[in-house]
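Engineer: In the working numbering, the protein residues as written are 2 to 358. For glycine and all other residues, C-beta sits at the position ideal for the given N, C-alpha and C. Treat the numbers as computed from the prediction; the structure is a model and nothing was measured.
#1: Please report the distance separating the alpha-carbon of residue 157 from that of residue 208.
#2: Excluding the five sequence neighbours on either side, which residues of its own chain have a C-beta within less than 6 Å of the C-beta of residue 76, listed in chain order?
#3: Who does residue 128 pair with in a DSSP beta bridge?
#4: Between residue 254 and residue 300, what straight-line distance do the alpha-carbon atoms span, to the nearest angstrom?
#5: Quick one: which unbroken alpha helix (DSSP H) runs of 4-plus residues sit fully inside the region 256 to 296? Chain order, please.
#6: Are residue 10 and residue 182 closer than 8 Å when you measure CB to CB?
#7: Among 267, 115, 166 and 228, whose alpha-carbon lies nearest the alpha-carbon of residue 257?
#8: By the 10 Å Cβ neighbour count, where 16 or more other Cβ atoms means buried, how is residue 1 classified, buried or exposed?
#9: Express the C-alpha separation of residue 267 and residue 146 in angstroms, rounding to a whole number.
#10: Is it true that the CB of residue 61 sits closer than 8 Å to the CB of residue 118?
#11: Using the Cβ count rule (16 or more neighbours within 10 Å means buried), how would you classify residue 98?
#12: Tell me whether residue 274 is buried or exposed, calling it buried when 16 or more other Cβ atoms sit within 10 Å of its Cβ.
#13: Counting pairs of beta carbons, one from the region 78 to 90 and one from the region 29 to 44, are three or more of them closer than 8 Å?
#14: Please look up how many angstroms separate the CB atoms of residue 189 and residue 325, rounded, as I've assumed it's under 8 Å.
#15: So, for residue 116: in the same chain, excluding its five sequence neighbours on each side, which residues have a beta-carbon less than 8 Å away from its beta-carbon?
#16: With DSSP collapsed to three states, give me the class of residue 47.
#17: Taking all protein chains shown into account, decide if residue 286 is buried (16 or more other Cβ within 10 angstroms of its Cβ) or exposed.
#18: Which residues bound the beta strand (DSSP E) around residue 5?
#19: Which ranges would you report for the alpha helix (DSSP H) in the region 175 to 221 if only whole runs of at least 4 residues count?
#20: Is residue 325 helix, strand or coil by DSSP?
#21: Closer than 8 Å by C-beta to residue 294: which residues in its own chain qualify, once you throw out the five before and the five after it? Chain order, please.
#22: Can you tell me the Cα-Cα spacing of residue 66 and residue 184, whole angstroms?
#23: Which two residues bound the contiguous beta strand (DSSP E) that contains residue 13?
#24: For the alpha helix (DSSP H) containing residue 62, list its first residue and its last residue.
#25: Spatial neighbours of residue 172 within its chain, please: CB distance less than 6 Å, with the 5 preceding and 5 following residues excluded, ordered by chain position.
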């Protein structure tokens, strides 16, 4: 494993992190507590030290299982968790968003509950979860977070931007105005507005880390350019079943344009997808969805594959700007650095490489 500093903080993250949602939400199938704790321990044994969870994962279970699995390794791991959803409030259906609450007292109470579930006295990075711009702009909410920092209950705070790939104002305000770390969605197939966030983070020297590098399964090797879709391939319990078939078919068409990025390399498509996300120097960690030991070993190996050639990154940029050959412009796309790597050095080779410890 390799490690990077989360810019603007004293935190060091493993380049590949672990999204605890995969063992606590059943969004990718049922996972027993024994299997979940075993996978978390295996991740630590392979050098993963950054674990990202949330109070809403399994209504607290995503924090509890992390404590059960790695409580005895607390001083060797970095914990990110999230807040903002009212776990006691009813929601209208499965996978529907819960009501949010950003009142200072709610935030402080949520932090105390997370600390108890995590069995720790501090949270390394405490993130507003899918917050709207109005929440990030609330000075009383931020004051509550600063009180938690002063009390030593949280070391840093940031924003998990999402849940979809829009949220431009939220991400840019987080990085340019609040100047705190952001967790963003970023992949070969979903580069914007992440490219804008990466540019903002680089200019402000504020860290970012990314999730969903495999574009909800489209870049993990499950599907190829030759995949034929007759029906929605996901079980009804899988969160991806809520995606439209059009998204699936369009993604497969895009894969046909990306053979050059995949073929002829001593790496899997899943590893290449992670390496792409780690190309920007400001990107501290990439947090894929890991559901079994085989995936764990594959994704951890991504840190050791060759850097992606600059000419291939430029071609990916060109394809993305043209919506992979459709010629249609997406209004969400930024005109700045579509691939997300920003020229902060004097040579293309240095620009495409990253520092690690």
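Structural biologist: According to the structure shown:
#1: Walking along the chain shown from the start, residue 157 turns up at place 156. Walking along the chain shown from the start, residue 208 turns up at place 207. The straight-line gap from Cα to Cα measures roughly 12 Å.
#2: In the chain shown, the residue the question calls residue 76 occupies position 75. Correct list: empty, nothing qualifies.
#3: The residue you call residue 128 lines up with position 127 of the chain shown. 83 and 159, per the DSSP bridge assignment.
#4: For this step, residue 254 is matched to residue 253 along the chain shown. For this step, residue 300 is matched to residue 299 along the chain shown. Whole-angstrom Cα-Cα distance: 24 Å.
#5: 260 to 263 and 270 to 278
#6: In the chain shown, counting from the first residue as 1, residue 10 sits at position 9. In the chain shown, counting from the first residue as 1, residue 182 sits at position 181. A contact, by the Cβ cut-off of 8 Å.
#7: As a working note, residue 257 is residue 256 in the chain shown. Closest by alpha carbon: 228.
#8: Residue coverage of the chain in this structure runs from 2 to 358, which leaves residue 1 outside it and unanswerable.
#9: For the purposes of this step, residue 146 is identified with residue 145 of the chain shown, where counting begins at 1. For the purposes of this step, residue 267 is identified with residue 266 of the chain shown, where counting begins at 1. The alpha-carbon separation between residue 146 and residue 267 amounts to approximately 45 Å.
#10: Against the chain shown, residue 118 aligns to sequence position 117. Against the chain shown, residue 61 aligns to sequence position 60. Contact flag set, yes.
#11: Taking the first residue of the chain shown as position 1, residue 98 is located at position 97. With fewer than 16 Cβ atoms within 10 Å of its Cβ, residue 98 is classed as exposed.
#12: Locating residue 274 in the chain shown gives position 273, where the first residue counts as 1. It counts as buried.
#13: no
#14: Reading the chain shown from its first residue, position 188 is the one you call residue 189. Reading the chain shown from its first residue, position 324 is the one you call residue 325. Rounded, the Cβ-Cβ distance is 10 Å, inconsistent with contact.
#15: Taking the first residue of the chain shown as 1, we reach residue 116 at position 115. These residues qualify, in order along the chain: 122, 123, 124 and 154.
#16: For the purposes of this step, residue 47 is taken as the residue at position 46 of the chain shown. Here residue 47 sits in coil by DSSP.
#17: Within the chain shown, residue 286 is the residue found at index 285, counting from 1. Residue 286 is buried by the Cβ-count criterion.
#18: Position 4 of the chain shown holds residue 5. Here the beta strand (DSSP E) through residue 5 covers 4 to 6.
#19: 195 to 205
#20: Looking up residue 325 in the chain shown gives position 324. Coil, per DSSP.
#21: In the chain shown, residue 294 corresponds to position 293, counting from 1. The beta carbon of residue 294 sits closer than 8 Å to the beta carbons of 40 and 43 from its chain, once the five residues preceding and following it are set aside; these are given in chain order.
#22: Position 65 of the chain shown, counting from 1, holds the residue named residue 66. Position 183 of the chain shown, counting from 1, holds the residue named residue 184. Residue 66 and residue 184: Cα-Cα distance of roughly 22 Å.
#23: Position 12 of the chain shown, counted from the first residue, corresponds to residue 13. Looking at the DSSP string, the run of the beta strand (DSSP E) that includes residue 13 is 13 to 15.
#24: The residue labelled residue 62 in the question sits at position 61 within the chain shown. Here the alpha helix (DSSP H) through residue 62 covers 62 to 71.
#25: Locating residue 172 in the chain shown gives position 171, where the first residue counts as 1. For residue 172, where only same-chain residues beyond five positions count, the Cβ hits under 6 Å are 162, 183 and 198.
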